[in-house]
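Below you'll find the structure, written out as structure tokens, and then a few comments.
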């Protein structure tokens, strides 16, 4: 019986196409890496939530939420570059030569832009009202939060050009190295931050070191990507660099809006709560989100390998494959997050206290609403993977951007009127509408191509 099952499994795998096998392998590698990275993140949160006060921990989650938005602000050129590299990859040696030029042009461009923006943040930070993000009676802690936010924004800006190297691995089906990079970031963060926290280091030092670790590993990952391609650095020619950037900008501005709008709404909930209620309330809703975010992070480890499969299928006109993959991701996402919602509604506080300690307790309604938020956010994100690979993102970008424009003002009103449950339900509703829009557009594109 075991031999028959083993043979059946081998036959099933052998019957899969090369692209599907590549997606499965890449997804498997990223799943393992994400599991390890997630476990280290759980350990990190458990340590910080127990050692620091609720307000200090609330400040931590507010800062990580704010910088998560900034981390996606590469003007969409990163996604445009990946699509360009995927297009050039099928052209052999000539395509590789062009890929090198585009890659280094983007790297140089973002390095100089990030440097200029970092200097601007430093010299003009007094004109930005950072204090509104941290609602607390502890003025000294509030000042610390402002200093940390300025520091980590600079670190994140400098990290944007080097993060391009890691994302470019997916174009060449080299998910393994992205996985290694994520594991290293997770392990180093857990070890170093745990040592700092246990020795009662100031929260300012802890936060800045945490983000410096990611920057350092991203630099190493980018250099290794260049080494594996056997590319030599190109000379800095600003005229040619801007010419290539201009070509990428034709589609990247739409990517930029999408990258800013989606992650902004994903992370803004915590910031809205900390600004309108308190840092403690922000810590509560963020921890409940974190329980779902662990599942989101693990599940979305499939995003880049699937995007790579979509991009390859689209360039080879294999629209039937994209339709089947889109249906599978829709079905699997719904099943996974429905199960997660059921578990957390009944046992959420057990996991919450296991994660952060006995002082943290929430209610079933919040677990349910944020479960819906997690479900629709994941469906929306997997839907945009297909749209991003096609480059046809104008429609979903416009809708996402419109929601992002009103999200804070609507969120402020809902939070003041209905508290944590209100803002959670509003977040779920927004991503429900965006999910409907993303999948409707995706299947319409495929239907037109299959006719």
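In the working numbering, the protein residues as written are 24 to 474.
Quick reminder that beta carbons are idealized off the backbone N, C-alpha and C, glycines included.
Item: Burial state of residue 105, where buried means 16 or more other Cβ atoms lie within 10 Å; Value: buried
Item: Three-state secondary structure assigned by DSSP to residue 423; Value: helix
Item: Local Cβ density within 10 Å of residue 219, reported as buried at 16 or more and exposed below that; Value: buried
Item: Residue-chain proximity (residue 288, chain C), Cβ-Cβ < 8 Å; Value: Note that chain C does not occur in the displayed structure, where there is just one protein chain.
Item: For residue 330 and residue 409, the rounded distance between their alpha carbons; Value: 6 Å
Item: Selection from 367, 141, 189, 261 that minimises the alpha carbon distance to residue 131; Value: 261
Item: Beta-carbon proximity of residue 451 to residue 399, cut-off 8 Å; Value: yes
Item: Exposed unless 16 or more other CB atoms sit within 10 angstroms - verdict on residue 16; Value: Since the first residue of the chain shown is 24 and the last is 474, residue 16 is not available in this structure.
Item: Supposed close pair residue 360, residue 406 - CB separation, criterion 8 Å; Value: Not confirmed; about 14 Å, so no contact.
Item: Environment of residue 81 [buried if 16+ CB atoms lie within 10 Å]; Value: buried
Item: Residue closest to residue 457, alpha-carbon to alpha-carbon, out of 469, 444, 397; Value: 397
Item: Exposure of residue 35, with buried meaning 16 or more beta-carbon neighbours within 10 Å; Value: With a pLDDT of 38 at residue 35, under the threshold of 50, the predicted position of this residue should be treated as unreliable, and no value is reported.
Item: Alpha carbon of residue 184 to alpha carbon of residue 453, nearest angstrom; Value: 31 Å
Item: Residue 414 (DSSP reduced to helix, strand or coil); Value: coil
Item: For residue 396, three-class secondary structure by DSSP; Value: helix
Item: Residue 128 beta carbon less than 8 Å from that of residue 268; Value: yes
Item: Span of the alpha helix (DSSP H), counted from its first residue to its last, around residue 317; Value: 302-322
Item: Exposed unless 16 or more other CB atoms sit within 10 angstroms - verdict on residue 388; Value: exposed
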